[in-house]
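Asker: Mind having a look at this structure? Questions to follow.
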Amino acid sequence: MYKILKLLKSIRCIFMIISPFKHFKIRKFKKNQSIKLNIGCGNVKFSEWVNIDIEPGADLVIDVTKGLPFEDGSVDFIYNEHFIEHLDYEEGKKIIREFYRVLKKDGILRIATPDLDYVLDKYSGDWKDQDWLSWPEYQFIETRGQMINVSFRFWGHKYLYNEEDLKNSLIKADFKCLNRCRLNKSNYPELENLETRNDSKLIYEARK
């Protein structure tokens, strides 16, 4: 019993060391006039943004499905590219509601993700006409059936959205002024030229 209590005490000490450091970084970003979150950043980190990922190397290393460590109505912009399709549908709805919570009134969310309708169009048409199919690691794909299964199952994908799905999730979270955008184009200078993937075929902006 003593050993267990000692272990628990050690764990608490570790969290006491980690937590102040994490909150220091958050406070540092909060000093900026505009708070911008890059969710699921991976290796793509933007200057003057809080780059957030579950993997080490981000400004803030957390599992965002557990919640964002920001106060209600404290964030100006949220961006994510090729992130939401790595969550299941219920997790996706939950994170969109969390985005809504932390955004300021009139704050903007931009989501860039693969488009299910585009994948289905390619499946029923010229399926080979896709850039990624020319990459060496996908030369094993010989049929449209293989192509669509890779699109759904590879890269940690859990749920591919089409426009109807994404709009529905945004509306149910109370977002308004929904706008489908072109690659790297936005009415907001802060959200222009952020996409790094040509296969970000479904891009939406929404205002709180």
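Under our numbering, residues 928 to 1135 are what the sequence shown spells out, in order. Glycine included, every Cβ here is placed at the ideal spot set by N, Cα and C.
1. Just to check my reading of the structure: residue 1011 and residue 1038 have Cβ atoms closer than 8 Å, yes? What is that Cβ distance to the nearest angstrom?
2. DSSP three-state label for residue 1017, please.
3. Taking the beta carbon of residue 1062 as the centre, do at least 16 other beta carbons fall within 10 Å, making it buried, or is it exposed?
4. Only counting runs of 3 or more residues, tell me where the beta strand (DSSP E) segments fall wholly within the stretch 966–992, in order along the chain.
5. Roughly how many angstroms lie between the CA atoms of residue 965 and residue 1005, to the nearest whole one?
6. Taking Cβ positions only, does residue 1131 come closer than 7 Å to chain C?
7. Taking all protein chains shown into account, decide if residue 980 is buried (16 or more other Cβ within 10 angstroms of its Cβ) or exposed.
8. Tell me the rounded alpha-carbon separation between residue 1067 and residue 1073.
9. Secondary structure at residue 1004, three-state DSSP: helix, strand or coil?
10. Using 8 Å for Cβ pairs, my map puts residue 990 next to residue 1028. What's the rounded Cβ distance?
11. Compare the beta carbon distance of residue 1097 and residue 1105 with 7 Å and say whether it is the shorter of the two.
12. Would the stretch 1079–1098 and the stretch 1124–1134 be scored as touching if the rule is three or more Cβ pairs under 8 Å?
13. Report the partner residues of residue 886 according to the DSSP bridge assignment.
14. Within 10 Å of its beta-carbon, does residue 1116 have 16 or more other beta-carbons around it, so buried, or fewer, so exposed?
15. To which residues does DSSP link residue 1036 through a beta bridge?
16. Which of the three DSSP states, helix, strand or coil, is assigned to residue 1031?
17. Under a three-way DSSP split, which group does residue 948 fall into?
Answerer: In terms of the structure at hand:
1. Rounded, the Cβ-Cβ distance is 6 Å, consistent with contact.
2. In this structure, residue 1017 counts as helix in the three-state DSSP scheme.
3. It counts as exposed.
4. Taken in chain order, the complete beta strand (DSSP E) segments of 3 residues or longer contained in the stretch 966–992 are 977–980.
5. Going from the Cα of residue 965 to the Cα of residue 1005 covers about 6 Å.
6. Absent from the structure: chain C. Only one protein chain is present.
7. It is buried - the Cβ of residue 980 has at least 16 other Cβ atoms within 10 Å.
8. Taking the straight line joining both Cα atoms gives about 9 Å.
9. Three-state DSSP puts residue 1004 in a strand.
10. Their Cβ separation, rounded to whole angstroms, is 16 Å, which puts residue 990 and residue 1028 out of contact at 8 Å.
11. Here residue 1097 is near residue 1105, since their CB atoms are less than 7 Å apart.
12. By the criterion of at least three beta-carbon pairs nearer than 8 Å, the stretch 1079–1098 is in contact with the stretch 1124–1134.
13. There is no way to answer for residue 886, as the model of the chain reaches only from 928 to 1135.
14. With fewer than 16 other CB atoms across the displayed protein chains lying within 10 angstroms of its CB, residue 1116 is exposed.
15. DSSP lists 1005 and 1133 as partners of residue 1036.
16. Residue 1031: strand per DSSP, three-state reduction.
17. The predicted model places residue 948 with a pLDDT of 43, which falls under 50 and marks its position as unreliable; any figure quoted below should be read in that light. Residue 948: helix per DSSP, three-state reduction.
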